[in-house]
Amino acid sequence: MDVREKKYKDLEIFHDTQITIERGDKIALIGANGKGKSTLLRMIDQSEPYVGEFHNGYNVIKAFYAQHQLESLTLDFTLLEELQHCAPEQSDTTLRTLLGAFLFKGDDVFKKIRVLSGGEKSRVALARTILTKANFMLLDEPTNHLDIQSVNILIQVLQNFKGSYVIVSHDRFFLAEVANKIWYIEDKKLKQYPGTYAEFEEWQERNKAEKEKAAKKEPVKVAAPVAVKETVQSPDKDKKKQHQKLSTTVKTLEKELDELKLTKESLLVKMGEPENYASSEKTKLLKQQLQAVESELLNKQQKWEEAFSLMIELEA
């Protein structure tokens, strides 16, 4: 895929960038909001126009999961019928097991699609994507609306997937388990690191350490005394100070994210306890608490991604 230009009115998103996806690539696409991650997925899907060329691989069968895919669900189908229509060769037991993995238990599978909430429709659409015979998947924020158990099941599915995929997600813990290559957007171009998410973070730390070491080795130039009214901080010192601040922010957010994940898991365990799910008041309270935690998780994940992306740009 050769992208000569992608613009929204006067705002240029990509310029002269080449994209290649090889068999077996399991790619995490990271970057701050507004950098063009979801746009890039739609461009690869060929549902978003751009100036350039696209060459499809031999025998590629594609599946795309994103929020706009909810519109393709058949509203008068039950959940089970939706999956039966997608994968008629699968047994009802298999389909119900998959729906159960995405939080649809018992008679939930007989609900009509039209009565589901937006989050529930998202889970059905994700289950349907997994059932397709695709060998190449594009997944835009697939862990939204999933609990810890469902995320772990999705991780297992992706780890066992024989094809290729590109995933956009704010969940760094999820990405660490499912990616063998990292894409990031910088200076309107797509760049890549050929390794796991953990290796990418280590690479970033090494780059930072090497640059700091090189800066210390630079000879200090002694200038003649000059009377100045105001001291202006050098760009390098300012850049280093910004980087240190962002690094501290990233580490703080990572700690907060770990704590929120544990809180979410604890709430989900409580919701499964008989004395709680038997009480409508307790269930309502736990759901409110879970919603607040999930909202805070998303907020912190977005802040972490923005800070991490800025840190990468400073290291470039």
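If you read the sequence shown in my numbering, its first letter stands for residue -17, the second for the next number, and so on. Cβ coordinates follow ideal geometry from the N, Cα and C atoms, glycine included. Bear in mind the structure is a predicted one, so any value in this text is a computation, not a measurement.
In this structure, the beta-carbon distance from Leu128 to Thr(-1) does not fall below 8 Å. About 6 Å separates the beta carbons of Asp122 and Tyr47, which is inside the 8 Å limit, making them a contact pair.
Straight-line spacing of the CA atoms in Ser261 and Leu267 works out to 10 Å. Taking all protein chains in view, the Cβ of Gly13 is crowded by 16 or more other Cβ atoms within 10 Å, so the residue is classified as buried. Within the same chain, Cβ atoms closer than 8 Å to the Cβ of Ile95 are found at Leu55, Thr56, Leu57, Asp58, Phe59, Thr60, Leu61, Glu64, Lys103, Val106, the five residues on either side in sequence being excluded. When the Cα atoms are used, Asn142 and Val150 turn out to be separated by approximately 19 Å. Closest by C-alpha distance to Gly34, out of Lys(-9), Asp27, Glu(-13), is Glu(-13). With contacts defined as CB atoms closer than 8 Å, Ala10 and Leu157 qualify as a contacting pair. The Cβ-Cβ distance between Lys170 and Ile(-5) falls below 8 Å.
In the structure shown, the three-state DSSP call for Arg5 is coil.
Positions of the alpha helix (DSSP H) runs, each at least 4 residues long and wholly inside the region 58 to 86, are given as 61 to 68, 74 to 83 in order along the chain. Cβ neighbours of Leu52 within its own chain (closer than 8 Å, five residues either side excluded): Gly100, Lys103, Ser104, Ala107.
For Gln174, the uninterrupted beta strand (DSSP E) run begins and ends at 171 to 175, by DSSP. DSSP lists Leu(-7) as the beta-bridge partner residues of Tyr(-10). In terms of Cβ geometry, Ser132 and Lys8 do not form a close pair [threshold 8 Å]. Looking at Thr114, Tyr32, Lys199, the one whose alpha-carbon comes closest to that of His67 is Thr114. Taking a contact as a CB-CB distance under 8 Å, the pair Ile43 and Phe118 counts as one, their CB atoms being some 7 Å apart.
Rounded to whole angstroms, the separation of the alpha carbons of Leu292 and Gln224 is 9 Å. A Cβ-Cβ distance of about 17 Å is found for the pair Glu236 and Trp185, leaving them out of contact under the 8 Å criterion.
The beta carbons of Pro176 and Lys163 sit closer together than 8 Å.
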